[in-house]
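**Student:** Here it is, the structure, as structure tokens.
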Amino acid sequence: MTDDRLHLIVHLGTDRVAFPADAIEAVVPVWEVTPVPGAEAEVIGLVPIRSRVLTLLDARRMVGQSSAAPPPYMALTSHDGHGYALAIDRAEDVRALKAPRKVIGNLSPAWRALEPSLGEVDGESILVVDPGAFVALANARTAAAA
Amino acid sequence: MDGLLREFVGETLELTEEVAGDLVTWEEAPDDRAALDRIFRAIHTIKGSSSFLDLPRIGRIAHAAEDYLAACRDRGVVAGHAGVSAVLAAVAELRAITAHLASDGTEGAGDDTALLQRLAAAHDGQGGGEARPTAEADIDAAALLPDAWRSVRVPLELVDALMSSVSDLVLARNDAMAQLRGLSADPAAMMALDRISQQLADVRTLVGKMRMVPLRQLFAPLPRLVRQLADELGKRVHLEVSGGEVEIDREMGEALRDPLLHLVRNALDHGIEDPAARVGAGKDMAATLTIAATSSHNRIYIRISDDGRGIDRAALVERTRANGRIDAAALAQMTERNIDELIFLPGLSTRERISDISGRGVGMDVVRANVERLGGHVSLDNRPGEGLTVALEVPLTLTIVGALAVSVGERCFAIPRGAIAEVLLAAGDGVDREVAGGAGLVRVRGELHPLLALEDVLDLQPSTTPADERVILIVRAGGGTVALEADDVFDHEELVIKPLPPVVARSGLFRGMSLPDSGQPLLLLDVEAIVRRTLIEPRREASPSPTAPDRIVSEWITLRPLGGEMLQALPMRSVERFVRHNGPPPQRVGNGLVLQFDGELVPIVGGFDAAARTGAHSTLTVILLRDEQQRIAGLATRELGSITPLETRLGSDGDAARTGIAMIGEEIVEMLSPDHIVASAHRALVSEGVA
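Here is the structure:
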């Protein structure tokens, strides 16, 4: 077991976030989005990617960032057999991260729900989060609203 | 070992299921050598495999059954009722033990002595004569075996996974094609891609076939069931099954099993009279139950017909009244067909007593709900005193749904074809909007439907399309109908439906999603949920769908021809799509005319010359038709009417331009032959001469 796992560093508004690289299939630009009537605000819509239909979730909004403009990029992931895309502002790099540890300090309520951990890259702290946490949170909010 | 055991379980269940019908055939016709051979072969195979896997109970029962069957087979003795019953019991016991085997890998405890004695008694009952040496019978049967080895058992999930990757491959191909076109790629590369496309089409067809099973498998338990029920009820029933060769998606076949068994039980228990009553009514003492399957244009039709007493309308009305579900005034206004449909009300039976046979709490309402969930439709043809026919119509597969796309503004959604009763122009004849207590209603030929604008149902921006240019779709589910208003209706497409993720599914508005060739995701509306949500009042069942056809569903689209007044109709199943054309006029080729649609040349017919003289063809609606040979042609029309079931009043021969005459209200409708239209359009292109 190595404790240096590869992570994808992305930007959600002003937040710099690391996704475990093996949980992300690709990062691609957002083209056309088909909105979904009746869905919660976390769901931006459906996007066709390589012959699949993915559900585009507004990860920026879910961490409390502004999501006024359409997202330029999305990170593709899978959860419970369904394909999802997380809206991000940009992807920075793929880096090896030391084993993340428990978050210290007071997270914003939006972030707390995603249960991130704390990593370090270039001597700077970074939140490490499983993309599946966004899907699970969106599911929970939809269920609560229904 | 585990794998072998699993294979044995699958094989044994399949074999026993297959011979169920043969057993009854054999009893009815003891000289039917073919049936006897099949039964013998199945039992022999089970016996052989069981000894190989050390399954003593199965081995003993199969052996005893085989002995008796061998005696019948090789000595030409006629099987008696006791013998057939003993073999039936043996087959049932083999299935039971196999099921146990499947659950925990053991045969389970059980005493088979009585069964073995019955088989031995049947054997002995055949009288003297030495049984031929078993070895010889073995060799005989072994010669029949190799066929069994020529198939491979594959888990269904694997076939499903293959199907879905092939679908993905098709979409990836579309993508590659678009990219190459954008690059103005070299023709050689395009040709290579074309070859891939052709191969892909073949693979798609083959994989589709892998999932298909003949309906015979669904029908196999019926002879045994009918025989058993008839015995229990003291009735005499002759079962006729046809269309077993029609193939259906395995999953769909499984989903149809319960509704079908229920309808058969109903027919025996409620429909068919006991022999005395039948004789009293001047009927044959033995009733006939017919199950006939046919397929056409990706739809499967199964008719369950009996010649029993039919539905007693007076009793049904009385019972409904007694239940207090529908008030007397509403009942008094019902047509005969509406009354028949009352049997779809939950918890209703025309019989005083709920019998063991038809079960408790599972009624026709559940049958209909199940069939509609499959994207299908149930209809009735009640002939009081003479019998009842229940017709089921379902799509060929669950994963591919025939749908129409509807639009509001820029947004498109799909509606399953099976749920659409009619498509009307909002400004069409006989469509009147009304408002009652703030609720929109639409009256179509005297029938009232609640009217919902699609943009309101889906909470979208208000439509900017003028009201009289919009379309109205009458959708049906659960016996209710709702009129949905949208901006426009598009192509009839076969959509591969993918399940929805929870964040999309929970709104309850959609049933699935699809990626059509356009590359734009399309959501499939959950019509059942929308209808249910709209018709929440307890009186919802008061108006069983007035448009539900009473025979095999045969839906027609009506139209007015160019330069003619006579109402005409085409069968919906031949309609590829409707196109509104306001481009350049058609071009003459040979004696015919062609128009371009999406870069494709389509021969076109329909009184153009008459229309050209009056200059009335600036905007046309063209119905694109596909014939049996998959050729396409267009019929130009002045005006599209509605989609409606029609019943042929006067028929004519198959080859004519008209297949018959029907009536809508007082109006006569010519029923056109799509094959004739397509053939003549194509013929005109290749015939030269003065036009």
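Chains A and B are the protein sequences, given in the same order.
In our numbering, each residue's number is its place in the first sequence (first place is 1) plus 50.
In our numbering, each residue's number is its place in the second sequence (first place is 1) plus 155.
Glycine included, every Cβ here is placed at the ideal spot set by N, Cα and C.
Values in this document were obtained by computation on a predicted structure and should not be read as measured data.
For B:H236, does the count of other Cβ atoms within 10 angstroms reach 16, so buried, or fall short, so exposed?
**Tutor:** Against the second sequence, residue 236 of chain B aligns to sequence position 81. So B:H236 ends up on the exposed side.
**Student:** Less than 8 Å between CB atoms is the rule here; does A:T127 satisfy it with respect to chain B?
**Tutor:** What you label residue 127 of chain A is simply residue 77 of the first sequence in a count that begins at 1. Output row for A:T127: interface = no.
**Student:** Straight-line CA distance for B:R454 to B:T713?
**Tutor:** In the second sequence, residue 454 of chain B corresponds to position 299, counting from 1. In the second sequence, residue 713 of chain B corresponds to position 558, counting from 1. So the two alpha carbons sit approximately 21 Å from each other.
**Student:** Does B:A812 come out as helix, strand or coil in the three-state DSSP assignment?
**Tutor:** For the purposes of this step, residue 812 of chain B is identified with residue 657 of the second sequence, where counting begins at 1. Note: B:A812 maps to coil in three-state DSSP.
**Student:** When we look at the beta-carbon of B:S534 and count the other beta-carbons within 10 Å, is it buried (16 or more) or exposed?
**Tutor:** Here residue 534 of chain B refers to the residue found at position 379 when the second sequence is read from its first residue. Buried: at least 16 other Cβ atoms inside 10 Å.
**Student:** Buried or exposed: where does B:M721 fall if 16 or more other Cβ atoms within 10 Å of its Cβ makes it buried?
**Tutor:** For the purposes of this step, residue 721 of chain B is taken as the residue at position 566 of the second sequence. Per the 10 Å Cβ criterion, exposed.
**Student:** Using a Cβ cut-off of 7 Å, pull out every chain A residue sitting near B:V314, in sequence order please.
**Tutor:** Within the second sequence, the letter at position 159 stands for residue 314 of chain B. Here the premise fails: no neighbours, minimum Cβ distance about 17 Å.
**Student:** Identify, in the order they occur along the chain, each residue of the same chain with its Cβ nearer than 6 Å to the Cβ of B:R366, setting aside the five sequence neighbours on each side.
**Tutor:** Position 211 of the second sequence, counted from the first residue, corresponds to residue 366 of chain B. Excluding positions up to five away in sequence, the list reads V314, D404, R405.
**Student:** Counting C-beta neighbours from all protein chains within 10 Å, is the total for B:S662 16 or more, i.e. buried, or is it exposed?
**Tutor:** Taking the second sequence and counting its residues from 1, one reaches residue 662 of chain B at position 507. Burial call: buried.
**Student:** How many angstroms separate the CA atom of A:R100 from the CA atom of B:D323?
**Tutor:** Numbered from 1 along the first sequence, position 50 holds the residue referred to as residue 100 of chain A. Numbered from 1 along the second sequence, position 168 holds the residue referred to as residue 323 of chain B. Each residue's Cα considered, the two are about 8 Å apart.
**Student:** Evaluate contact between the region 619 to 634 of chain B and the region 566 to 583 of chain B, counting only Cβ atoms and requiring at least three cross-stretch pairs below 8 Å.
**Tutor:** Verdict: yes, contact present.
**Student:** At a Cβ cut of 8 Å, what residues of the region 544 to 574 of chain B count as close to chain A, listed as they run along the chain?
**Tutor:** Under the 8 Å Cβ criterion, the region 544 to 574 of chain B contributes R566.
**Student:** Are at least three pairs of beta-carbons, each pair with one atom in the region 676 to 687 of chain B and one in the region 646 to 665 of chain B, less than 8 Å apart?
**Tutor:** Short answer: they touch.
**Student:** Could you name the residues of chain B that A:P150 contacts, counting a contact when the two beta carbons are closer than 7 Å?
**Tutor:** Here residue 150 of chain A refers to the residue found at position 100 when the first sequence is read from its first residue. None at all; the shortest Cβ gap to chain B is about 27 Å.
**Student:** State whether the region 370 to 377 of chain B contacts the region 164 to 178 of chain B, with contact taken as three or more CB pairs (one from each stretch) at a distance under 8 Å.
**Tutor:** Short answer: they touch.
**Student:** CA-CA distance, A:L187 and A:L164?
**Tutor:** Here residue 187 of chain A refers to the residue found at position 137 of the first sequence. Here residue 164 of chain A refers to the residue found at position 114 of the first sequence. One C-alpha to the other measures close to 7 Å.
**Student:** Let me make sure I understand the geometry here. Which of B:A576, B:H604, B:E577 has the alpha-carbon closest to that of B:E589?
**Tutor:** As a working note, residue 589 of chain B is residue 434 in the second sequence. It is B:H604 whose Cα lies nearest to the Cα of B:E589.
**Student:** Nearest CA to the CA of B:T443: which residue from B:D187, B:R391, B:V526, B:P741?
**Tutor:** Numbered from its first residue, the second sequence carries residue 443 of chain B at position 288. Closest option to B:T443, Cα to Cα, is B:R391.
**Student:** On the DSSP letters alone, give me the boundaries of the beta strand (DSSP E) that A:E142 sits inside.
**Tutor:** Reading the first sequence from its first residue, position 92 is the one you call residue 142 of chain A. Per DSSP, A:E142 belongs to the beta strand (DSSP E) from 140 to 147.
**Student:** Can you look up B:N746 in the DSSP assignment and give me helix, strand or coil?
**Tutor:** Start at 1 with the first residue of the second sequence, and residue 746 of chain B comes out as number 591. Looking at B:N746 - three-state DSSP - the assignment turns out to be coil, as it is neither helix nor strand.
**Student:** Counting contacts by CB-CB distance shorter than 8 Å, is A:E92 in contact with chain B?
**Tutor:** Taking the first sequence and counting its residues from 1, the one referred to as residue 92 of chain A is at position 42. Cβ-Cβ to chain B under 8 Å: yes for A:E92.
**Student:** Strictly below 7 Å CB to CB, what residues from chain B border A:G88?
**Tutor:** Within the first sequence, the letter at position 38 stands for residue 88 of chain A. L613, D614, S662, L664, listed in chain order.
**Student:** Hey, B:A836 and B:I759: beta-carbon distance below 8 Å or not?
**Tutor:** Here residue 836 of chain B is taken as the residue at index 681 of the second sequence, counted from 1. Here residue 759 of chain B is taken as the residue at index 604 of the second sequence, counted from 1. Yes, these two residues count as a Cβ contact at 8 Å.
**Student:** Just to confirm, are A:D138 and A:H61 a CB contact at a threshold of 8 Å?
**Tutor:** Your numbering for residue 138 of chain A matches position 88 in the first sequence. Your numbering for residue 61 of chain A matches position 11 in the first sequence. The amino acid at residue 138 of chain A is misidentified as Asp; the sequence shows Ile. Yes, the pair counts as a contact, with Cβ atoms nearer than the cut-off.
**Student:** According to a CB-to-CB cut-off of less than 9 Å, which residues of the region 148 to 177 of chain A neighbour chain B?
**Tutor:** Correct list: empty, as no residue qualifies.
**Student:** What whole-angstrom Cβ distance do A:G63 and A:R140 have, given they're in contact under 8 Å?
**Tutor:** Here the question's residue 63 of chain A lines up with position 13 in the first sequence. Here the question's residue 140 of chain A lines up with position 90 in the first sequence. The pair is not a contact, with the Cβ atoms about 11 Å apart (cut-off 8 Å).
**Student:** Can you check the region 182 to 264 of chain B for any beta strand (DSSP E) of at least 3 residues that lies completely inside it and give the ranges in chain order?
**Tutor:** Fully enclosed beta strand (DSSP E) runs of 3 or longer: not present.
**Student:** Find out if the Cβ-Cβ distance for the pair B:G745, B:A839 is shorter than 8 Å.
**Tutor:** Position 590 of the second sequence, counted from the first residue, corresponds to residue 745 of chain B. Position 684 of the second sequence, counted from the first residue, corresponds to residue 839 of chain B. Yes, they are a contact pair.
**Student:** Leaving aside the five residues before and after B:P486 along the sequence, list all residues of the same chain whose C-beta is less than 7 Å from its C-beta, in chain order.
**Tutor:** What you label residue 486 of chain B is simply residue 331 of the second sequence in a count that begins at 1. Per the sequence presented here, residue 486 of chain B reads as Leu, with Pro not at that position. So the list reads V472, T475, R476, once near-sequence residues are dropped.
**Student:** Under 7 Å Cβ to Cβ from B:I201, same chain only, skipping five residues before and after it: list those, please.
**Tutor:** On the second sequence, residue 201 of chain B is found 46 positions in, with the first residue counted as 1. Excluding residues within five positions, the ones whose Cβ falls inside 7 Å are T167, L170, I213, A217, L249.
**Student:** Using a Cβ cut-off of 9 Å, pull out every chain A residue sitting near B:D323, in sequence order please.
**Tutor:** Here residue 323 of chain B refers to the residue found at position 168 when the second sequence is read from its first residue. Within 9 Å Cβ-Cβ: R100, S101, R102.
**Student:** Could you tell me whether the Cβ atoms of B:A558 and B:P539 are closer together than 8 Å?
**Tutor:** For this step, residue 558 of chain B is matched to residue 403 along the second sequence. For this step, residue 539 of chain B is matched to residue 384 along the second sequence. For B:A558 and B:P539, no; Cβs fall outside 8 Å.
**Student:** Between B:A245, B:W711, B:S205, B:L411, which lies nearest to B:V730 when the distance is taken from Cα to Cα?
**Tutor:** What you label residue 730 of chain B is simply residue 575 of the second sequence in a count that begins at 1. Ranking the options by Cα distance to B:V730, first place goes to B:W711.
**Student:** For the region 540 to 548 of chain B against the region 632 to 651 of chain B, are there 3 or more C-beta pairs whose distance is under 8 Å?
**Tutor:** Taking 8 Å as the limit for Cβ pairs, the verdict is that the region 632 to 651 of chain B does not touch the region 540 to 548 of chain B.
**Student:** Going by C-alpha to C-alpha distance, which of B:A333, B:T619, B:P656 sits closest to B:A641?
**Tutor:** In the second sequence, residue 641 of chain B corresponds to position 486, counting from 1. The option with the nearest alpha carbon to B:A641 is B:T619.
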